[in-house]
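Here is the structure we will look at, set down as structure tokens.
Protein chains: 4
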Amino acid sequence: MTDSTATVSSLKQRVHDFAKERDWMQFHSPKNVSMALAAEAGELMEHFLWTDAPASHERARDPKRRGDIEDELADIVIYALEFANVTGIDLAAAINSKMAQNARKYPVEKAKGRSDKYTEL
Amino acid sequence: MTDSTATVSSLKQRVHDFAKERDWMQFHSPKNVSMALAAEAGELMEHFLWTDAPASHERARDPKRRGDIEDELADIVIYALEFANVTGIDLAAAINSKMAQNARKYPVEKAKGRSDKYTEL
Amino acid sequence: MTDSTATVSSLKQRVHDFAKERDWMQFHSPKNVSMALAAEAGELMEHFLWTDAPASHERARDPKRRGDIEDELADIVIYALEFANVTGIDLAAAINSKMAQNARKYPVEKAKGRSDKYTEL
Amino acid sequence: MTDSTATVSSLKQRVHDFAKERDWMQFHSPKNVSMALAAEAGELMEHFLWTDAPASHERARDPKRRGDIEDELADIVIYALEFANVTGIDLAAAINSKMAQNARKYPVEKAKGRSDKYTEL
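Chains as they are written, first to last, in full-length UniProt numbering: chain A, 1 to 121; chain B, 1 to 121; chain C, 1 to 121; chain D, 1 to 121.
Below, the structure is given as structure tokens:
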């Protein structure tokens, strides 16, 4: 299973099956899954707390940390997929819609090379 | 673009192109993207702060909130995809590996119907 | 040192001295400290992911978990105090100002017994 | 009310009274308060997402942002105080205990000028 062949649906199904086999649907409310997702996002950040940006690139390549960072990112996406499962959200469609909004908020000619929020462009 | 047809690679490419067109790669260090991801995870949670689990299901179905919740989830996954882009992580492979670990930590016969951490099973 | 005698200034001083002795001011930018704070907030949440509200009260009283929960809360406040140190914010004054705003947003007669956001009252 | 005169108890009392007047104790489980705290921590971070460390110091001094940053920090500490209220934690004692642990993990002679985790010193 790699990014070039895996569809979002196939990943959602895998996460759903895992939870269902364990009878965990009872715990997977949107509230709880959003909490778990945020907690995992905190764990990913922990790898980069005291580094600057260039050093954070190095850390992400460091073989001693690489596996852990991959695991943290996977945890986040697993919960995002499960959130989509329990709420019936089509994730690709939601991303599509959000990126169309972002394109309107951040037109290339105004946003190029700037990190400002759209309200400050 | 829907979950049943979109591959992870196609979504990653879309996010990459958006950032590249705006010359935003300079801001997208692993450190910064992990922060943005965590901040968005906080925003998703905000929809469910004071509700209990059943009410959080209702909120996620409420037409007045549904669009916002879809947008917050999309933001999270967009940053997860961008984190994978800037670090060269194959997300499907990382999920595959993490779920295999989870299956070992949470064997069905021990974990069924229980929300305990694997260290407490 | 207990809550009835400790002033905010005395706690801020203690945190400042600890960082200064270790020559850590160079790492304690507002950006980095806000990240560390958010990461610790995620760790506190982890104690309550899959429980409902009543069970979260029990967990906070459970002698096996109590010490860890106290430590996580302390970590959060230590970083909040350090954030105030490095930015020169008077925390008590900031709390005072925010609670006055909250009192205007959530007047007792409208907000009593309701968890709605002020924009929905 | 300023940091040099405000005790932790006086701030805890103020936050407790505010919640009690509005009959909000029913919503303030440890679970819910920890979520709200983490969501506010995300909002504080949002001020510093794309800046480097020196620019984050500038942002925290920028008069146009200063008030918002003070409010976000206040929100975090208000929820930390309320978490202490609903769990009966003495915050100053918890900080005292945690800093004593930190002093053992990070002895000055080993930790000076280094941002490494104690497990890597």
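C-beta: ideal position from N, C-alpha, C; glycine also.
Self-check item: Near-chain D residues of the region 36 to 51 of chain C - C-beta to any C-beta below 7 Å
Solution: 37, 38, 41, 42, 44, 45, 48, 51
Quiz item: How do the region 23 to 34 of chain C and the region 100 to 119 of chain C stand: do at least 3 beta-carbon pairs fall below 8 Å, yes or no?
Solution: no
Quiz item: How many Å lie between residue 53(D) and residue 90(A) at the Cα?
Solution: Along the fourth sequence, read from residue 1 onward, the residue named residue 53(D) stands at position 53. Along the first sequence, read from residue 1 onward, the residue named residue 90(A) stands at position 90. Roughly 38 Å separates the two Cα atoms.
Quiz item: Using the beta-carbon of each residue, which ones in chain B are nearer than 8 Å to residue 32(D)?
Solution: For this step, residue 32(D) is matched to residue 32 along the fourth sequence. Chain B residues near residue 32(D): 49, 50.
Exercise. Can you tell me the Cβ-Cβ gap for residue 70(D) and residue 28(D), rounded? I've got them flagged as a contact below 8 Å.
Key: Taking the first residue of the fourth sequence as 1, we reach residue 70(D) at position 70. Taking the first residue of the fourth sequence as 1, we reach residue 28(D) at position 28. 23 Å between Cβ atoms; not a contact.
Quiz item: Helix, strand or coil for residue 7(C) per DSSP?
Solution: By 1-based counting over the third sequence, the position of residue 7(C) is 7. DSSP places residue 7(C) in strand when its eight states are reduced to three.
Practice problem: Measure the alpha-carbon distance for residue 32(B) versus residue 109(C) and round it to whole angstroms. | Solution: Start at 1 with the first residue of the second sequence, and residue 32(B) comes out as number 32. Start at 1 with the first residue of the third sequence, and residue 109(C) comes out as number 109. Looking at the two C-alpha atoms, the distance is approximately 43 Å.
Quiz item: Who are the neighbours of residue 111(D) on chain A, taking C-beta pairs under 7 Å?
Solution: Position 111 of the fourth sequence holds residue 111(D). Chain A residues near residue 111(D): none, gap ~12 Å exceeds 7 Å.
Quiz item: Quick one: is residue 5(B) buried, meaning 16 or more other Cβ sit within 10 Å of its Cβ, or exposed?
Solution: In the second sequence, counting from the first residue as 1, residue 5(B) sits at position 5. Flag for residue 5(B) reads exposed.
Self-check item: Neighbour list for residue 115(D) in chain A, Cβ cutoff strictly below 7 Å
Solution: On the fourth sequence, residue 115(D) is found 115 positions in, with the first residue counted as 1. Chain A residues near residue 115(D): 50.
Quiz item: Can you round the beta-carbon distance between residue 35(B) and residue 38(D) to whole angstroms, since I take them to be within the 8 Å contact cut?
Solution: One-based indexing of the second sequence puts residue 35(B) at position 35. One-based indexing of the fourth sequence puts residue 38(D) at position 38. Residue 35(B) to residue 38(D), Cβ: 14 Å. No contact.
Quiz item: Given a limit of 9 Å on CB to CB distance, which residues of the region 69 to 85 of chain C reach chain B?
Solution: none
Quiz item: Listing by chain order, which chain D residues have their CB less than 7 Å from the CB of residue 62(C)?
Solution: Taking the first residue of the third sequence as position 1, residue 62(C) is located at position 62. Chain D residues near residue 62(C): none, gap ~11 Å exceeds 7 Å.
Quiz item: With 7 Å set as the bound, which would you pick, yes or no: does the beta-carbon of residue 25(B) sit closer than that to a beta-carbon of chain A?
Solution: For the purposes of this step, residue 25(B) is identified with residue 25 of the second sequence, where counting begins at 1. Not closer than 7 Å to any Cβ of chain A, the Cβ of residue 25(B) fails to qualify, so no.
Quiz item: Sorted by chain position, which residues of the same chain lie with C-beta nearer than 7 Å to residue 51(B)'s C-beta, five sequence neighbours on each side aside?
Solution: As a first step, residue 51(B) must be located in the second sequence, where it is residue number 51. 59.
Practice problem: Could you tell me which of 86(A), 49(A), 57(A), 63(A) sits nearest to residue 17(A), measuring between CA atoms? | Solution: Start at 1 with the first residue of the first sequence, and residue 17(A) comes out as number 17. Answer by Cα proximity: 86(A).
Quiz item: Which bits of chain B does residue 106(A) rub up against, with CB to CB less than 7 Å?
Solution: For the purposes of this step, residue 106(A) is taken as the residue at position 106 of the first sequence. Per Cβ cutoff of 7 Å: 22.
Quiz item: Anyone know if the C-beta pair for residue 3(C) and residue 8(D) falls short of 7 Å?
Solution: Position 3 of the third sequence, counted from the first residue, corresponds to residue 3(C). Position 8 of the fourth sequence, counted from the first residue, corresponds to residue 8(D). Taking 7 Å as the Cβ cut-off, residue 3(C) and residue 8(D) qualify as a contacting pair.
Quiz item: Which word fits residue 12(D), buried or exposed, when buried means at least 16 other C-beta atoms lie within 10 angstroms of its C-beta?
Solution: Locating residue 12(D) in the fourth sequence gives position 12, counting from the first residue. With 16 or more Cβ atoms within 10 Å of its Cβ, residue 12(D) is classed as buried.
Quiz item: What in chain A is Cβ-close to residue 53(D), meaning under 9 Å?
Solution: Taking the fourth sequence and counting its residues from 1, one reaches residue 53(D) at position 53. Result: 52.
Exercise. Kindly indicate the opening and closing residues of the alpha helix (DSSP H) around residue 57(B).
Key: Here residue 57(B) corresponds to residue number 57 of the second sequence, with the count starting at 1. Where residue 57(B) is concerned, the enclosing alpha helix (DSSP H) stretches over 53 to 61.
Self-check item: residue 18(A) (DSSP reduced to helix, strand or coil)
Solution: Locating residue 18(A) in the first sequence gives position 18, where the first residue counts as 1. If DSSP states are grouped into helix, strand and coil, residue 18(A) belongs with the helices.
Quiz item: Tell me which same chain residues have a C-beta within less than 7 Å of the C-beta of residue 30(D), skipping the five on either side of it?
Solution: The residue labelled residue 30(D) in the question sits at position 30 within the fourth sequence. 83, 86, 87.
Exercise. Say whether chain A places a C-beta atom closer than 7 Å to the C-beta of residue 121(B).
Key: Along the second sequence, read from residue 1 onward, the residue named residue 121(B) stands at position 121. No, no contact with chain A.
Self-check item: Exposed unless 16 or more other CB atoms sit within 10 angstroms - verdict on residue 67(B)
Solution: For the purposes of this step, residue 67(B) is taken as residue 67 along the second sequence, with counting starting at 1. The residue in question, residue 67(B), is exposed, as its Cβ has fewer than 16 Cβ neighbours within 10 Å.
Self-check item: Where the alpha helix (DSSP H) through residue 104(D) begins and ends
Solution: Walking along the fourth sequence from the start, residue 104(D) turns up at place 104. 91 to 105 is the span of the alpha helix (DSSP H), which, as asked, contains residue 104(D).
Exercise. With distances taken Cα to Cα, identify the nearest neighbour of residue 102(C) among 72(D), 64(D), 97(D).
Key: Stepping through the third sequence from its first residue, residue 102(C) is reached at position 102. Checked all of 72(D), 64(D), 97(D); the closest Cα to residue 102(C) is 72(D).
Exercise. Would you mind working out which of 100(D), 111(D), 119(D), 120(D) sits nearest residue 15(C), comparing C-alpha positions?
Key: Indexing the third sequence from 1 puts residue 15(C) at position 15. For residue 15(C), the nearest C-alpha among the options comes from 100(D).
Exercise. Check whether the Cβ atoms of residue 94(D) and residue 41(C) sit closer than 7 Å, and answer yes or no.
Key: What you label residue 94(D) is simply residue 94 of the fourth sequence in a count that begins at 1. What you label residue 41(C) is simply residue 41 of the third sequence in a count that begins at 1. If you check the CB distance, residue 94(D) and residue 41(C) do not come in under 7 Å.
Quiz item: Buried or exposed: where does residue 120(D) fall if 16 or more other Cβ atoms within 10 Å of its Cβ makes it buried?
Solution: Here residue 120(D) corresponds to residue number 120 of the fourth sequence, with the count starting at 1. Classification for residue 120(D): exposed.
Quiz item: Under a CB-based cut-off of 7 Å, is residue 17(D) close to chain C?
Solution: Looking up residue 17(D) in the fourth sequence gives position 17. It does not: the Cβ of residue 17(D) has no partner Cβ on chain C nearer than 7 Å.
Self-check item: Spatial neighbours of residue 77(B) in its chain, beta-carbon cut-off 7 Å, leaving aside the 5 residues before and after
Solution: Position 77 of the second sequence holds residue 77(B). If we look at residue 77(B) and ignore the five residues flanking it on each side, it has no Cβ neighbours.
Quiz prompt | Selection from 96(C), 111(C), 105(C), 107(C) that minimises the alpha carbon distance to residue 10(D) | solution = Counted from its first residue, the fourth sequence places residue 10(D) at position 10. Among 96(C), 111(C), 105(C), 107(C), the Cα nearest to that of residue 10(D) belongs to 96(C).
Quiz item: Quick one: Cα of residue 49(B) to Cα of residue 92(D), how far?
Solution: One-based indexing of the second sequence puts residue 49(B) at position 49. One-based indexing of the fourth sequence puts residue 92(D) at position 92. One alpha carbon belongs to residue 49(B), the other to residue 92(D), and they sit about 27 Å apart.
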